[in-house]
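Numbering-wise (the numbering used here), the sequence shown opens with residue 13 and increments by one.
All C-beta atoms, glycine included, are put in the ideal place defined by N, C-alpha and C.
Remember, it's a predicted structure, so these values are computed and weren't measured experimentally.
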Amino acid sequence: MRSKVMLSGLIVMVCSLALATAAYCEGGKFSDIVDAKSTLCYPLELTFKRPSGVLKTSFAPVKFSHGQHASVACVTCHHMWDGKGEIQGCAEAGCHDNLKDRQEATSYFRAFHDKNADNSCLGCHMKLNVERKAKGQKPLSVAPCSNNGCHVAAK
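This is how it looks when you write it as C-alpha coordinates:
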(Lines of atoms letter the chains of each structure in order from A; the text may use other names.)
(Lines give C-alpha, C1' and ligand atoms only; values in the text may rest on other atoms or scores of the structure.)
Protein backbone atom coordinates (compact mmCIF):
# COMPACT_ATOMS: atom_id res chain seq x y z
CA MET A 13 0.00 0.00 0.00
CA ARG A 14 2.75 2.44 0.97
CA SER A 15 4.63 1.82 -2.28
CA LYS A 16 1.46 2.58 -4.29
CA VAL A 17 1.08 5.92 -2.49
CA MET A 18 4.74 6.76 -3.11
CA LEU A 19 4.46 5.77 -6.78
CA SER A 20 1.33 7.90 -7.17
CA GLY A 21 3.12 10.85 -5.57
CA LEU A 22 6.09 10.40 -7.88
CA ILE A 23 3.85 10.30 -10.95
CA VAL A 24 2.06 13.50 -9.84
CA MET A 25 5.42 15.24 -9.27
CA VAL A 26 6.77 14.22 -12.71
CA CYS A 27 3.57 15.32 -14.43
CA SER A 28 3.67 18.65 -12.56
CA LEU A 29 7.24 19.24 -13.70
CA ALA A 30 6.30 18.35 -17.27
CA LEU A 31 3.33 20.74 -17.21
CA ALA A 32 5.41 23.55 -15.72
CA THR A 33 8.06 23.00 -18.39
CA ALA A 34 5.50 22.99 -21.17
CA ALA A 35 3.87 26.13 -19.80
CA TYR A 36 7.08 28.14 -19.78
CA CYS A 37 8.14 26.90 -23.18
CA GLU A 38 4.82 28.02 -24.60
CA GLY A 39 4.80 31.52 -23.17
CA GLY A 40 4.17 30.73 -19.50
CA LYS A 41 0.43 30.20 -19.87
CA PHE A 42 -1.23 27.08 -18.43
CA SER A 43 -4.74 27.95 -19.54
CA ASP A 44 -7.06 30.93 -19.85
CA ILE A 45 -8.11 30.66 -16.19
CA VAL A 46 -4.61 30.33 -14.66
CA ASP A 47 -2.11 33.16 -14.25
CA ALA A 48 1.29 31.59 -13.50
CA LYS A 49 3.59 33.81 -11.46
CA SER A 50 6.67 31.67 -12.08
CA THR A 51 7.33 28.60 -14.17
CA LEU A 52 10.19 26.24 -14.91
CA CYS A 53 11.82 25.29 -18.17
CA TYR A 54 14.66 22.81 -18.27
CA PRO A 55 15.33 19.48 -19.92
CA LEU A 56 14.23 16.55 -17.76
CA GLU A 57 16.64 14.19 -19.54
CA LEU A 58 19.76 15.25 -21.42
CA THR A 59 23.01 13.89 -22.82
CA PHE A 60 26.24 15.82 -22.39
CA LYS A 61 28.12 16.23 -25.67
CA ARG A 62 31.81 17.01 -25.45
CA PRO A 63 32.57 20.51 -26.73
CA SER A 64 35.06 20.71 -29.58
CA GLY A 65 38.50 21.06 -28.05
CA VAL A 66 37.89 18.55 -25.25
CA LEU A 67 40.03 15.40 -25.32
CA LYS A 68 38.14 12.65 -27.13
CA THR A 69 37.70 9.39 -25.23
CA SER A 70 36.07 6.05 -25.93
CA PHE A 71 33.71 6.45 -22.94
CA ALA A 72 30.01 6.71 -23.65
CA PRO A 73 28.47 10.19 -23.34
CA VAL A 74 26.90 10.95 -19.97
CA LYS A 75 23.11 10.93 -19.76
CA PHE A 76 21.66 13.10 -17.00
CA SER A 77 18.22 13.28 -15.40
CA HIS A 78 17.12 16.46 -13.65
CA GLY A 79 14.24 14.41 -12.21
CA GLN A 80 16.62 12.08 -10.37
CA HIS A 81 18.47 15.11 -8.98
CA ALA A 82 15.39 17.07 -7.85
CA SER A 83 16.58 17.09 -4.23
CA VAL A 84 19.75 19.01 -5.21
CA ALA A 85 19.43 22.80 -5.31
CA CYS A 86 19.97 24.13 -8.86
CA VAL A 87 22.72 26.51 -7.74
CA THR A 88 24.78 23.59 -6.41
CA CYS A 89 25.75 22.64 -9.95
CA HIS A 90 24.82 25.89 -11.70
CA HIS A 91 26.98 27.89 -9.29
CA MET A 92 27.25 30.94 -11.57
CA TRP A 93 23.44 31.29 -11.87
CA ASP A 94 21.80 34.25 -10.13
CA GLY A 95 18.48 32.41 -9.81
CA LYS A 96 16.76 34.68 -12.33
CA GLY A 97 18.41 34.75 -15.74
CA GLU A 98 19.17 32.06 -18.26
CA ILE A 99 21.44 29.24 -17.13
CA GLN A 100 24.63 29.02 -19.18
CA GLY A 101 26.46 25.83 -20.10
CA CYS A 102 29.57 24.75 -18.19
CA ALA A 103 31.89 25.49 -21.11
CA GLU A 104 30.73 29.12 -21.44
CA ALA A 105 33.31 31.90 -21.08
CA GLY A 106 34.18 32.62 -17.46
CA CYS A 107 33.00 29.29 -16.06
CA HIS A 108 34.66 25.98 -17.04
CA ASP A 109 35.97 27.20 -20.38
CA ASN A 110 39.44 25.61 -20.06
CA LEU A 111 38.89 22.66 -22.38
CA LYS A 112 42.49 21.41 -22.62
CA ASP A 113 44.14 21.32 -19.17
CA ARG A 114 42.26 18.63 -17.23
CA GLN A 115 44.04 19.37 -13.93
CA GLU A 116 43.24 23.10 -13.84
CA ALA A 117 40.69 23.79 -11.07
CA THR A 118 38.30 25.56 -13.47
CA SER A 119 38.69 23.10 -16.33
CA TYR A 120 35.68 21.58 -18.07
CA PHE A 121 36.91 18.11 -17.05
CA ARG A 122 37.12 19.01 -13.34
CA ALA A 123 33.61 20.49 -13.40
CA PHE A 124 32.39 16.90 -13.57
CA HIS A 125 35.32 14.89 -12.14
CA ASP A 126 36.68 16.81 -9.12
CA LYS A 127 36.56 14.25 -6.28
CA ASN A 128 36.84 16.97 -3.63
CA ALA A 129 34.14 19.35 -4.87
CA ASP A 130 30.55 19.01 -3.68
CA ASN A 131 29.33 20.63 -6.90
CA SER A 132 31.06 18.22 -9.30
CA CYS A 133 29.25 15.03 -10.32
CA LEU A 134 31.99 12.72 -9.07
CA GLY A 135 32.56 14.65 -5.82
CA CYS A 136 28.86 14.68 -4.99
CA HIS A 137 28.40 10.99 -5.80
CA MET A 138 31.46 9.98 -3.77
CA LYS A 139 30.13 11.94 -0.77
CA LEU A 140 26.73 10.32 -1.28
CA ASN A 141 28.38 6.89 -1.36
CA VAL A 142 29.89 7.48 2.08
CA GLU A 143 26.38 8.24 3.38
CA ARG A 144 24.90 5.23 1.55
CA LYS A 145 27.56 2.91 2.97
CA ALA A 146 26.83 4.14 6.50
CA LYS A 147 23.16 3.25 5.94
CA GLY A 148 24.03 -0.19 4.51
CA GLN A 149 22.86 0.83 1.02
CA LYS A 150 24.46 -0.13 -2.27
CA PRO A 151 26.88 2.58 -3.49
CA LEU A 152 26.46 4.38 -6.81
CA SER A 153 28.74 3.01 -9.51
CA VAL A 154 31.46 5.64 -10.07
CA ALA A 155 34.47 3.47 -10.91
CA PRO A 156 35.90 2.26 -13.17
CA CYS A 157 35.10 5.05 -15.66
CA SER A 158 34.27 2.68 -18.49
CA ASN A 159 30.65 1.52 -18.25
CA ASN A 160 29.96 2.91 -14.79
CA GLY A 161 26.90 4.80 -13.58
CA CYS A 162 27.96 7.89 -15.55
CA HIS A 163 29.42 6.55 -18.80
CA VAL A 164 26.94 3.74 -19.47
CA ALA A 165 27.96 1.63 -22.48
CA ALA A 166 25.35 1.17 -25.18
CA LYS A 167 23.70 -2.24 -25.21
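- Straight through space, the alpha carbons of ILE99 and LEU56 are spaced by roughly 15 Å.
- In the DSSP assignment, LYS145 falls within the unbroken alpha helix (DSSP H) covering 133-146.
- Going by DSSP, THR59 is part of the beta strand (DSSP E) stretching over 57-59.
- Boundaries for PHE121: no beta strand (DSSP E) harbours it, while the alpha helix (DSSP H) harbouring it runs 120-125, taken from the DSSP string.
- Non-local C-beta neighbours of MET138 in its own chain, meaning closer than 8 Å and more than five positions away in sequence, comprise LYS127, VAL154, ordered along the chain.
- In the DSSP assignment, no residue is bridged to PHE71.
- Among the bridge pairs identified by DSSP, SER64 is matched with none.
- The beta carbon of HIS125 lies closer than 6 Å to those of LEU134 in the same chain, with the five residues before and after it left out.
- Taking every protein chain shown into account, the CB of SER64 has fewer than 16 other CB atoms within 10 angstroms, so this residue is exposed.
- A straight line joining the alpha-carbon of GLN80 with that of HIS91 spans about 19 Å.
- Rounded to whole angstroms, ALA165 and GLY101 show a C-alpha spacing of 24 Å.
- For ALA123, the number of other beta carbons within 10 angstroms of its own is at least 16, and it is reported as buried.
- Around the beta carbon of CYS157, fewer than 16 other beta carbons lie within 10 angstroms, which makes this residue exposed.
- Straight through space, the alpha carbons of PHE60 and PRO73 are spaced by roughly 6 Å.
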